[in-house]
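Take 552 as the starting number for the sequence shown in the working numbering and just add one per residue. Yeah, the Cβ is synthetic: ideal placement off N, Cα and C, and Gly gets one too.
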Amino acid sequence: SISNESTNQDVLSLLNNAFLEVQDLVDALLHKHNLTDSLDLDFDFTRSPVDGIKNKTTDPETVQIDQPSSSSKPQVPPTSDHKRTNRDIAIAELLETEHSYRNNLKFVVEFYKIPLGRSCSSPKPILSREDFINLFSNIEYILSISDILLEKLENAPDDPGKTFINMVHYFSGYGEYVTKYEEAYEILQRNLLNNPAFHTFDLRCQTNPKSAFQPLSSFLIMPIQRIPRYQLLLNEILKYTPETHSSYQNIEAARNLIITCCSNINKQKKAADEICLAQALQNSIYDL
């Protein structure tokens, strides 16, 4: 209708006048502060926003305003956040605990075994050579296993089962450590009580930040606990791995191999204990 068209024209006129007043105000401010040449303004003051109003009909409800092009809209970057699944968390725990375990073994070798080994060749050794050998057993071999295992797990974290399948035969070396652990513990306690030089050495090592202020006994028991821990960690990963997953069978097979490994080590330990008991009985008979 004529009245609606007249109303539209009045609105456009008011908008245009308001724009011109704002433009004059901005120009005055720019000249006052000498900014006319130094500002690179994105806003085009030569074009009134009223120019973007297209009155396609006489109905004020259908008046449209030009929309900015899609290229001028701020682009939301794709999210890089990845929600960790329970399987991811279980694999991460395997890697993190292996890294910590390896570092603890490395600390024992670098700050206990190597210095005490050098001391054995000195005029006043801290430990006798026999005690030194039996205290640490084959811990360097176990450290080398952990080094290799950790590297392989980090290179193929999505299929830890395959890594364990390829590595499990090395774990038989844990049997020697387990069978000698009780003797090592007795040597440790005896020297802590009766050997002031060793006791002082142990206290000094405990003050090293890398030790987290733990005594040597806490480190020496770690290999005893690690193989059963592998079984628990693989069980947790298997629990959250779908049976259709490409690594499911490898993880299940690795878990079963670790169970067998634990059983074999226990049998080896039991056999060693029986030999020790038989030797003790034999010695007691000779003493009679």
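Notebook entry, point to check: In whole angstroms, what separates the C-alpha of Leu767 from that of Gln776?
Noted result: Translated into positions along the sequence shown, residue 767 becomes position 216. Translated into positions along the sequence shown, residue 776 becomes position 225. Those two C-alpha atoms are separated by around 15 Å.
Next item on the list: Measure how close the beta-carbons of Leu645 and Leu704 come, nearest whole angstrom, since I'm counting them as under 8 Å.
Entry: Residue mapping note: residue 645 aligns to position 94 of the sequence shown, counting from 1. Residue mapping note: residue 704 aligns to position 153 of the sequence shown, counting from 1. Leu645 to Leu704, Cβ: 7 Å. Contact.
Note to self: Taking the beta carbon of Phe749 as the centre, do at least 16 other beta carbons fall within 10 Å, making it buried, or is it exposed?
What the structure shows: Residue mapping note: residue 749 aligns to position 198 of the sequence shown, counting from 1. The residue in question, Phe749, is buried, as its Cβ has 16 or more Cβ neighbours within 10 Å.
Next item on the list: Kindly indicate which three-state DSSP category Leu701 falls into: helix, strand or coil?
Entry: Start at 1 with the first residue of the sequence shown, and residue 701 comes out as number 150. Helix, per DSSP.
Next item on the list: Would you kindly work out how many angstroms separate the C-alpha atoms of Pro674 and Ser688, rounded to a whole number?
Entry: Walking along the sequence shown from the start, residue 674 turns up at place 123. Walking along the sequence shown from the start, residue 688 turns up at place 137. Spanning the two alpha carbons is a distance of roughly 23 Å.
Next item on the list: Take Tyr799 and list the residues in its own chain whose beta-carbon comes closer than 6 Å to its own, dropping the five residues that flank it on each side.
Entry: Against the sequence shown, residue 799 aligns to sequence position 248. Thr792, listed in sequence order.
Checklist line | Start and end residues, alpha helix (DSSP H) containing Phe715 | finding: Start at 1 with the first residue of the sequence shown, and residue 715 comes out as number 164. Element bounds for Phe715: Pro711 to Met718.
Item checked: Nonlocal neighbours in the same chain, by C-beta distance under 6 Å from Leu700, ignoring five residues either side -> The sequence position of residue 700 within the sequence shown is 149, counting from 1. Taken in chain order, the residues that qualify are Met718.
Item checked: Buried/exposed call for Tyr692, threshold 16 Cβ in 10 Å -> Counting from one through the sequence shown, the residue named residue 692 turns up at place 141. The residue is exposed, with fewer than 16 neighbouring Cβ atoms inside 10 Å.
Next item on the list: If I'm right that Asn655 touches Met773 with Cβ under 8 Å, what's the distance once you round it to whole angstroms?
Entry: Within the sequence shown, residue 655 is the residue found at index 104, counting from 1. Within the sequence shown, residue 773 is the residue found at index 222, counting from 1. Right, the Cβ-Cβ distance comes to about 6 Å (below 8 Å), so this counts as a contact.
Item checked: Contact between the segment 814-822 and the segment 726-733 (3+ Cβ pairs under 8 Å) -> yes
Notebook entry, point to check: Can you tell me whether Pro760 is buried or exposed, with buried defined as 16 or more other CB within 10 angstroms of its CB?
Noted result: Stepping through the sequence shown from its first residue, residue 760 is reached at position 209. Answer is exposed; the Cβ neighbour count stays below 16.
Next item on the list: Return the residue from the list Thr730, Leu808 and Ile716 that minimises the CA-CA distance to Ala822.
Entry: Start at 1 with the first residue of the sequence shown, and residue 822 comes out as number 271. It is Thr730.
Item checked: Reduced DSSP category for Phe689 - H, G, I as helix; E, B as strand; rest coil -> Position 138 of the sequence shown holds residue 689. Looking at the sequence itself, residue 689 is Asn, so the reference to Phe does not match. DSSP places Asn689 in coil when its eight states are reduced to three.
Item checked: Residue range of the unbroken alpha helix (DSSP H) whose run includes Lys657 -> For the purposes of this step, residue 657 is identified with residue 106 of the sequence shown, where counting begins at 1. Residues Asn637 to Val659.
Item checked: Where Ser814 falls: helix, strand or coil (DSSP) -> Taking the first residue of the sequence shown as 1, we reach residue 814 at position 263. Note: Ser814 maps to helix in three-state DSSP.
Item checked: For Cys756 and Tyr663, believed in contact at Cβ under 8 Å, the rounded distance -> One-based indexing of the sequence shown puts residue 663 at position 112. One-based indexing of the sequence shown puts residue 756 at position 205. Yes, they are in contact, since the Cβ atoms of Tyr663 and Cys756 sit about 6 Å apart, within 8 Å.
Next item on the list: State buried or exposed for Pro711, treating a residue as buried only when at least 16 other CB atoms are found within 10 Å of its CB.
Entry: Along the sequence shown, one-based indexing puts residue 711 at 160. Burial call: buried.
Checklist line | CB-CB length for Phe752 against Ile677, believed under 8 Å | finding: Translated into the one-based positions of the sequence shown, residue 752 becomes position 201. Translated into the one-based positions of the sequence shown, residue 677 becomes position 126. Correct: roughly 6 Å between the Cβ atoms.
Next item on the list: Look at the alpha carbon of Asn706 and the alpha carbon of Glu649, and state the distance between them as a whole number of angstroms.
Entry: Walking along the sequence shown from the start, residue 706 turns up at place 155. Walking along the sequence shown from the start, residue 649 turns up at place 98. Their backbone Cα atoms lie some 14 Å apart in a straight line.
Notebook entry, point to check: Nearest CA to the CA of Ile809: which residue from Val660, Phe683, Lys713 and Asn746?
Noted result: Here the question's residue 809 lines up with position 258 in the sequence shown. Closest option to Ile809, Cα to Cα, is Lys713.
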